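Comments concern the structure below.
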Amino acid sequence: MRIILLGPPGAGKGTQAAGIVNKYNMPHISTGDIFRKNIKEETELGKKAKEYMDKGLLVPDELTVGLVTSRISEPDCANGFMLDGFPRNVSQAKHLDVFLKETNIKLDNVINIEVDKNILVERAVGRRICKSCGATYHVEFNPPKTEGVCNVCGGELYQRQDDTEETVSKRIQVYLDETKPLADYYANEGIISNINGQQSIDKVFEDIVNALGSEK
Ligand code: AP5
Ligand code: MG
Ligand code: ZN
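0 is the number of the first residue of the sequence shown in numbering that gives the first Met the number 0; add one for each residue after it.
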């Protein structure tokens, strides 16, 4: 199965991705995670991406599209993959379409997680992530058993640098201007599933699984 997770910052893409890859056993390709890994390792790509991410802006397509197309060309993606946070504008979606056509691959589903703008800031600002395993928590909505400590691996929790109120607001604006139009783009292709993201994490997951049906 080849799927895309679409939705605003803080919608729950990463949270739901963890359950989806576990159930359907497919690679989780998050451009945000790839950029953050490069920033941590201080690569050239990381240095360039950081300039944009710290401001809440999109990293330019030249640095992003090739990264994704080469990742989905790897052998572990042969039977399926899940893209989280890509594409993020119509130009990226068009590049992806061209690549998929060339390689004879079809997308099965675009899961569009919808959440009202006014609760997104609260979600992102309260987010905490495990330094060791990447598990995602929320100080109020999904707290760890012990404050600051990961339930899964005991790792230390941290806050993303772009999860300040100011940067999140900018990211939401960028989403509305550049990413939201993709919902229409994929609706026209007839492969979108709109999911209400303002329900419990478990209920959102249940709705996603229902939307994906028995696709393999
Ligand atoms: P990226 O890392 O993709 O961030 P994002 O799209 O802003 O989305 P988030 O990761 O913030 O939110 P999420 O939907 O994953 O929510 P989560 O599950 O964590 O991108 C970061 C940056 O990288 C971009 O700004 C850009 O600069 C760059 N970038 C990335 N891809 C790019 C591309 N293709 N092109 C150009 N630039 C790119 O949940 C959030 C919080 O809410 C958590 O605390 C969670 O516990 C909680 N939560 C989740 N679900 C629920 C629920 N149902 N109820 C209550 N709380 C919930
Ligand atoms: Mg995420
Ligand atoms: Zn952990």
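C-beta atoms are modelled at their ideal positions from N, C-alpha and C, and glycine is treated no differently.
Note that this is a predicted model, so its numbers are computed, not measured.
{"Query": "What are the boundary residues of the alpha helix (DSSP H) that includes Glu43?", "Result": "Glu43 to Met52"}
{"Query": "Helix, strand or coil for Arg87 per DSSP?", "Result": "coil"}
{"Query": "Determine the contact status of Ile28 and Phe80, defining contact as a CB-CB distance below 8 Å.", "Result": "yes"}
{"Query": "When you measure from the CB of Ser199 to every non-hydrogen atom of the ligand AP5, does any distance come out below 7 Å?", "Result": "yes"}
{"Query": "Report all residues for which the CB-ligand distance to some heavy atom of the ligand ZN is below 6 Å; order them along the chain.", "Result": "Cys129, Ser131, Cys132, Ala134, Cys149, Val151, Cys152 and Gly154"}
{"Query": "For His94, which residues does DSSP report across the bridge?", "Result": "Bridge partners of His94: none, in fact."}
{"Query": "Strictly closer than 7 Å from CB to any heavy atom of the ligand MG: give me those residues in the order they appear in the chain.", "Result": "Lys12, Gly13, Ser29, Gly31, Asp83 and Gly84"}
{"Query": "Using the rule of at least 16 other Cβ atoms within 10 Å of the residue's Cβ for burial, across every protein chain shown, is Ala10 buried or exposed?", "Result": "buried"}
{"Query": "Is Val208 near the ligand AP5, with its Cβ less than 7 Å from a heavy atom?", "Result": "no"}
{"Query": "Could you check which residue in Ala210, Leu95, Glu50 and Tyr51 has the C-alpha nearest to that of Leu66?", "Result": "Leu95"}
{"Query": "I want to check one thing, is the minimum distance from the CB of His137 to the heavy atoms of the ligand AP5 below 7 Å?", "Result": "yes"}
{"Query": "Throw me the rounded Cβ distance for the Asn108 and Ile171 pair, which I believe falls under 8 Å.", "Result": "Not quite, the Cβ-Cβ distance comes to about 25 Å (not below 8 Å), so this is no contact."}
{"Query": "Asn209 to Ala16, Cα distance in whole Å?", "Result": "15 Å"}
{"Query": "At what residues does the alpha helix (DSSP H) containing Val109 begin and finish?", "Result": "Note, Val109: premise wrong, no alpha helix (DSSP H); beta strand (DSSP E) at Asn108 to Glu113."}
{"Query": "Does DSSP put Asn103 in a helix, a strand or coil?", "Result": "coil"}
{"Query": "Considering only the beta carbon of each residue, do Asn195 and Glu73 sit closer than 8 Å?", "Result": "no"}
{"Query": "Does the beta-carbon distance from Leu106 to Ile3 come in below 8 Å?", "Result": "yes"}
{"Query": "My output table needs one value for Glu146: the three-state DSSP class, helix, strand or coil.", "Result": "coil"}
{"Query": "For the alpha helix (DSSP H) that Ile38 lies in, which residues bound it at each end?", "Result": "Thr30 to Lys39"}
{"Query": "Are Asp176 and Met52 touching if we call contact CB-CB under 8 Å?", "Result": "no"}
{"Query": "What does the alpha-carbon distance come out to for the pair Glu139 and Leu44?", "Result": "34 Å"}
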